[in-house]
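Below: one structure, written as structure tokens.
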Amino acid sequence: MVAERAGYTVTMFIIDTSPSMGTIRSVEMENSAGEVTTVEMTNLEWSLQYVKLKIQEMIFNGRKTDQCGVIVFGSEETDNIINRAHGGYENVVEYIPIGQPNANTIAKIDALEPSTVAGDSIDALIVAIETQARYLASKKTWTRKITMVTDGESPIEVEDWEATVKKMDDLNISLVIVGVDFDDEWMEYVEPNKSRIKRANEEFYKKLTSTMRSGDMGNIAYAIRETSAPEIKVVKSALMGTVLRIGDVDTLPDEAIELSVKASKATAQARPKTWKKFALRESNDEDMDVDQEEEDKDKDKAVYAQLKMKTEYFVDRTAGAEDEEGGNVKEEEDDEENLLDEGEEKPEPKKQNLERVEKEELVRGFKYGTTYAPCPDGQFARLQTRKGIDIIGFFPEKNVSSSDSCTEDFESSQADDQFRRELSMGEIQYIWADPASPQQQVALSAIVQAMADSKRMAIARWVSRDGMDPKMGVLLPVVQEGVHFLLWAQMPFADDVRKYTFASLDTLINKKGEVLKEHPYLPTKQQQEAMDKFVDAMDLMDAGDKDENGNRTPWFDTNQSFNPAIHRVKQAMFHAAVVKDVVSNPLPPPHPELTKYFDPPKRVLKRARAAVEECRDVFKVKEVPKRVAKARKDGHEHANDEDDTLLLLDRKKPVERRQSQMSIVEEHVPASTSKGKVTVNAEDSETESDDDDEELLLDKAPAKAAKPPSTPAPKPNRHAPLPTPARSQSPEEDIDPGRAPGRIIGSTYPLKDFRKNIAQGDVVSKAVEDLGAVVAEVVMKPFAKRREGEMVECLRVLRGTCLEEDEIDAWNSFIRDLKTKCLSKPGNPGFWDRVKEAGRELGLISKQEAKKHGGDSDVSENEAGEVSSDF
Numbered sequence: 001m002v003a004e005r006a007g008y009t010v011t012m013f014i015i016d017t018s019p020s021m022g023t024i025r026s027v028e029m030e031n032s033a034g035e036v037t038t039v040e041m042t043n044l045e046w047s048l049q050y051v052k053l054k055i056q057e058m059i060f061n062g063r064k065t066d067q068c069g070v071i072v073f074g075s076e077e078t079d080n081i082i083n084r085a086h087g088g089y090e091n092v093v094e095y096i097p098i099g100q101p102n103a104n105t106i107a108k109i110d111a112l113e114p115s116t117v118a119g120d121s122i123d124a125l126i127v128a129i130e131t132q133a134r135y136l137a138s139k140k141t142w143t144r145k146i147t148m149v150t151d152g153e154s155p156i157e158v159e160d161w162e163a164t165v166k167k168m169d170d171l172n173i174s175l176v177i178v179g180v181d182f183d184d185e186w187m188e189y190v191e192p193n194k195s196r197i198k199r200a201n202e203e204f205y206k207k208l209t210s211t212m213r214s215g216d217m218g219n220i221a222y223a224i225r226e227t228s229a230p231e232i233k234v235v236k237s238a239l240m241g242t243v244l245r246i247g248d249v250d251t252l253p254d255e256a257i258e259l260s261v262k263a264s265k266a267t268a269q270a271r272p273k274t275w276k277k278f279a280l281r282e283s284n285d286e287d288m289d290v291d292q293e294e295e296d297k298d299k300d301k302a303v304y305a306q307l308k309m310k311t312e313y314f315v316d317r318t319a320g321a322e323d324e325e326g327g328n329v330k331e332e333e334d335d336e337e338n339l340l341d342e343g344e345e346k347p348e349p350k351k352q353n354l355e356r357v358e359k360e361e362l363v364r365g366f367k368y369g370t371t372y373a374p375c376p377d378g379q380f381a382r383l384q385t386r387k388g389i390d391i392i393g394f395f396p397e398k399n400v401s402s403s404d405s406c407t408e409d410f411e412s413s414q415a416d417d418q419f420r421r422e423l424s425m426g427e428i429q430y431i432w433a434d435p436a437s438p439q440q441q442v443a444l445s446a447i448v449q450a451m452a453d454s455k456r457m458a459i460a461r462w463v464s465r466d467g468m469d470p471k472m473g474v475l476l477p478v479v480q481e482g483v484h485f486l487l488w489a490q491m492p493f494a495d496d497v498r499k500y501t502f503a504s505l506d507t508l509i510n511k512k513g514e515v516l517k518e519h520p521y522l523p524t525k526q527q528q529e530a531m532d533k534f535v536d537a538m539d540l541m542d543a544g545d546k547d548e549n550g551n552r553t554p555w556f557d558t559n560q561s562f563n564p565a566i567h568r569v570k571q572a573m574f575h576a577a578v579v580k581d582v583v584s585n586p587l588p589p590p591h592p593e594l595t596k597y598f599d600p601p602k603r604v605l606k607r608a609r610a611a612v613e614e615c616r617d618v619f620k621v622k623e624v625p626k627r628v629a630k631a632r633k634d635g636h637e638h639a640n641d642e643d644d645t646l647l648l649l650d651r652k653k654p655v656e657r658r659q660s661q662m663s664i665v666e667e668h669v670p671a672s673t674s675k676g677k678v679t680v681n682a683e684d685s686e687t688e689s690d691d692d693d694e695e696l697l698l699d700k701a702p703a704k705a706a707k708p709p710s711t712p713a714p715k716p717n718r719h720a721p722l723p724t725p726a727r728s729q730s731p732e733e734d735i736d737p738g739r740a741p742g743r744i745i746g747s748t749y750p751l752k753d754f755r756k757n758i759a760q761g762d763v764v765s766k767a768v769e770d771l772g773a774v775v776a777e778v779v780m781k782p783f784a785k786r787r788e789g790e791m792v793e794c795l796r797v798l799r800g801t802c803l804e805e806d807e808i809d810a811w812n813s814f815i816r817d818l819k820t821k822c823l824s825k826p827g828n829p830g831f832w833d834r835v836k837e838a839g840r841e842l843g844l845i846s847k848q849e850a851k852k853h854g855g856d857s858d859v860s861e862n863e864a865g866e867v868s869s870d871f
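If you number the sequence shown the way full-length UniProt numbering does, the last residue is 871 and the count never jumps.
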């Protein structure tokens, strides 16, 4: 494919707004879920979708040299350059002058409506040719394109059309005529009951485009579908000048070589377009002028603006100098405070314990292991580098395809100048000789030929500008007919490369050092043959369509594969810009070109079916049954709750049933426990609840209940499910600690985790914060009453720690927030009553109390004493 010059194109869009374009039609639209809906619109609205898609492509690329203009025919007015100079060419308007398109271009096109006067498409074509020619009078190398959309229902003058064709061929103009309900052989569509005028016009348009050197005609439905198809546009990269050096040109200039070369991109990584956040702008009466007041009288018109971000820096002064959490904290906020999401209340900034600092007061630091190395200047001293590409050495090209590299260490492969092919998966660049210097071309060609003849590659060091960080990579010689050049690929640092090894699949050695010949882990010959058949059956090299000679082609073609993320995001952005209502006109499904490689070819599936069945029989493959939670005897399924491994609700079962369960438990409890009762660890018991309504099943069951005197003891059932044991019975390593990501305190053993972290002495603030969050979460959960006692004990320990470790502000802020949550709906007012019953030991920390422990507080003694009132 010949590379097209990026941009440098002027496209003239000719739009028909004659009365016939106002005809209402029903267009079938398919949403992303595959549901087909019908939308009513005019022929003009349907046609404008194609025009807006083409213009949106130009806006998407963002090139200043990719320009367009719009000519409208069938307008009630006349305004064009030919009419102003010579008259004639009525009802043709230069609607949008030639320029770089933007959002206003789309808005102006949306404002077009069918008129009451018919127009001549040939007049509009001549006006477009003349307007484009005058604009590009001094830009001879620019590409010229004209696109016309019409329904062909208006009469036209076809005299001297050959002169128009000759003019377009002389100017190298490519013409595309897109018609509403035009016959299309690709879609196998023929419009029924076609009018005489439309039939004649369609035949003329076909004759016009076929006579031209570059002309085409098609149906609007097909054009819209193809416009949304993904495509890879091959463009020319700009040449960047640099220097190629071999040897030391400063110390040994007679033994060194320095060439002037040009670099350009061979491949470039593409990413999906990023989204920008917009929000409803709140009106400010004080800053609003008179004109703005007139515009804002329309309440239905919502004014949106783009949200801009800014960064503010805060430091936690209460955390202490040695606290890791007391470092700088970045907090991003909207730049304009009056920009909010619609229906959203403005959040209060969380800065109670943080002090704002200016950026100038901070010292930049770089992470080195677990610490930060401060850099007062903001950047460490750079290497004294010079612009250019320095060849460091050469190594044999045969090492590229070495099969032994997979079993060697990276260090040994580097010592042997080993180049691993997977390392060159980044962006590749061309290294050309200077096109303006034949001497430099001959010199580079000699180097490339010498490297190619000796089958060697080069290790090079590239510096893009003076003083910039160097990049290390390899240079590969390429000898093509008429041109010799180098390919550059950047290489990773040795520290960034990880090599993972695993044991052999066909050699198994036992503990005695003997090589085993038969083992369940070693495949048999029958299994190997079955797997070979399966792999051969999945071959995709002949799974594609047949070529001209009737031979099967490969199924996957890299040139015809596209990144679904990039093109789907692009399709969504274009659709939102083209349609007026996304609800009534939803996003269509992805183009078939994006999804054609999602599913394997049916031919391969059919061919591999027998091999799959053989593998299933030889390897004795069986489906693993899905693990289903067993239902309880009372008919309720066991809920997968994080606290079920700790506590069991007393479900008020009949006495006989609970006694029989205790008999089973006695058969399985360790010998070190008491005979009828499981002892709970002292550390756990201090946080357990003694409530009579909700209790530990195993703690409260009496020992005598295991064997009632009036009923014979049941025979132990070894296969019966056991009730959930107490904490002392379950190994802690088998229990999920319930730690959320980023937390050091879990919901399973919160008090134990808290004490363990406090003992370390360097994560006090983090432990206080996480324990408060865990208590608030547990209290707000259903059936929280069973852990009330445990949570109250957590609050006691937390308050004492905050008082001793100078986290007083954190405690006061937490307890106020906890009250708000408990007294809100649904909340947990019962737990808050337990907190109030504790009195001052769980209340706010006053200034006098804090002073005794060397701290400070903003709460007075009277305020702290009012336990029953607001904290």
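Glycine included, each C-beta is placed from N, C-alpha and C at the ideal position. Since the structure is predicted, the reported quantities are computational estimates derived from the model, not experimental observations.
{"Check": "Residues in the same chain with beta-carbon distance under 8 Å from residue 949, minus the five sequence neighbours each way, listed in chain order, please.", "Outcome": "As shown, the chain starts at 1 and ends at 871. That puts residue 949 outside it, with no answer to give."}
{"Check": "How would you call C375, buried or exposed, if buried means at least 16 neighbouring beta carbons within 10 angstroms?", "Outcome": "exposed"}
{"Check": "Bridge partners for G843 per DSSP, in chain order?", "Outcome": "Its beta-bridge partners do not exist; DSSP assigns none."}
{"Check": "Cα separation between M425 and I391?", "Outcome": "21 Å"}
{"Check": "On the CB-based measure, 16 or more other CB atoms within 10 Å of its CB, does Q528 come out buried or exposed?", "Outcome": "exposed"}
{"Check": "Tell me whether R465 sits in a helix, a strand or coil according to DSSP, three-state version.", "Outcome": "coil"}
{"Check": "Is F502 helix, strand or coil by DSSP?", "Outcome": "coil"}
{"Check": "Taking only the alpha-carbon atoms, compute the straight-line gap between E348 and I745 and give it to the nearest angstrom.", "Outcome": "Residue placement at E348 is flagged as unreliable, the pLDDT there being 49, under the threshold of 50; the coordinate-derived value follows with that caveat. Spanning the two alpha carbons is a distance of roughly 26 Å."}
{"Check": "Can we count E159 as close to the ligand GDP, meaning its CB is less than 8 Å from some heavy atom?", "Outcome": "As for the ligand GDP, it is missing from this structure, which has no ligand bound."}
{"Check": "Classify D809: buried if its beta carbon has 16 or more other beta carbons within 10 angstroms, exposed otherwise.", "Outcome": "buried"}
{"Check": "So, at 6 Å on beta carbons, what are the nonlocal neighbours of V515 in its own chain, with the 5 sequence-adjacent residues on each side left out?", "Outcome": "I509"}
{"Check": "Within 8 Å, do at least three Cβ pairs link the segment 156-170 to the segment 28-42?", "Outcome": "no"}
{"Check": "Taking 9 Å as the threshold (C-beta atoms), are L175 and residue 872 in contact?", "Outcome": "No answer is possible for residue 872: it lies beyond the span of the chain, which begins at 1 and ends at 871."}
{"Check": "If you drop the 5 nearest sequence neighbours on each side, which residues of the same chain put their C-beta closer than 6 Å to that of D13?", "Outcome": "Correcting the residue identity first, residue 13 is Phe in this sequence and not Asp. Excluding sequence neighbours, F13 sits near V51, V70 and T147."}
{"Check": "Using 8 Å as the cut-off, can you tell me whether the segment 602-610 makes contact with the segment 526-543, which would need three or more C-beta pairs spanning the two stretches below that distance?", "Outcome": "yes"}
{"Check": "Give the list of continuous alpha helix (DSSP H) stretches no shorter than 4 residues that lie fully inside the segment 783-866.", "Outcome": "788-804, 808-823, 829-838, 847-852 and 861-865"}
{"Check": "Would a C-beta distance cut-off of 9 Å place D806 and G761 closer than the cut-off?", "Outcome": "no"}
{"Check": "Determine the DSSP secondary structure at E255, reduced to helix, strand or coil.", "Outcome": "helix"}
{"Check": "Given this structure, state the Cα-to-Cα distance separating G320 from V764, to the nearest angstrom.", "Outcome": "Caution applies to G320, whose pLDDT of 46 falls short of 50 and renders its modelled position unreliable; the value that the coordinates give is listed next. Their Cα atoms are separated by approximately 10 Å."}
{"Check": "Taking T17 and S75 to be in contact with their CB atoms under 8 Å, please state how far apart those CB atoms are, rounded to whole angstroms.", "Outcome": "6 Å"}
{"Check": "Reducing DSSP to helix, strand and coil, say where Y304 ends up.", "Outcome": "strand"}
{"Check": "At the level of alpha carbons, what is the spacing between L771 and E837?", "Outcome": "21 Å"}
{"Check": "Expressed to the nearest angstrom, what Euclidean distance is found between the alpha-carbon atoms of V859 and G839?", "Outcome": "16 Å"}
{"Check": "Can you give me the C-alpha to C-alpha distance between K570 and A103, rounded to a whole angstrom?", "Outcome": "16 Å"}
{"Check": "For chain C, check one thing: does any of its Cβ atoms lie closer than 9 Å to the Cβ of D248?", "Outcome": "The chain inventory of the structure shown lacks chain C, comprising one protein chain alone."}
{"Check": "On the premise that M21 lies in contact with L44, defined as a C-beta separation below 8 Å, what is that separation, rounded to the nearest angstrom?", "Outcome": "4 Å"}
{"Check": "Please report the residue range of the alpha helix (DSSP H) in which L486 lies.", "Outcome": "Counting along the chain, L486 falls outside any alpha helix (DSSP H), though it belongs to the beta strand (DSSP E) covering V483 to Q490."}
{"Check": "Just to confirm, is the Cβ distance from K198 to E153 under 9 Å?", "Outcome": "yes"}
{"Check": "Alpha carbon to alpha carbon, how far is W275 from L340? Give it in angstroms, no decimals.", "Outcome": "Residue confidence for L340 is low, a pLDDT of 38 falling below 50, so the modelled location carries little weight; the figure read from the coordinates is stated next. Approximately 17 Å, taken between the alpha carbons."}
{"Check": "Can you tell which of A565, V624 and T23 has the C-alpha that lies nearest to the C-alpha of D181?", "Outcome": "T23"}
{"Check": "Between S413 and D66, what straight-line distance do the alpha-carbon atoms span, to the nearest angstrom?", "Outcome": "Reliability fails at S413, whose pLDDT of 39 lies under 50, so the model's placement of it is uncertain and the value that follows must be treated cautiously. Answer to the nearest angstrom: the Cα atoms are 49 Å apart."}
{"Check": "Drop a sphere of 10 angstroms on the beta-carbon of N551, count the other beta-carbons inside from all chains shown, and report buried for 16 or more, exposed for fewer.", "Outcome": "exposed"}
{"Check": "For A576, which of Y8, Q49 and Q269 has the nearest alpha-carbon?", "Outcome": "Q49"}
{"Check": "Quick one: Cα of A118 to Cα of V36, how far?", "Outcome": "34 Å"}
{"Check": "With a floor of 3 residues, list each beta strand (DSSP E) that falls wholly inside the segment 62-127, ordered by position along the chain.", "Outcome": "66-73 and 92-99"}
{"Check": "Look at the alpha carbon of N862 and the alpha carbon of Q848, and state the distance between them as a whole number of angstroms.", "Outcome": "11 Å"}
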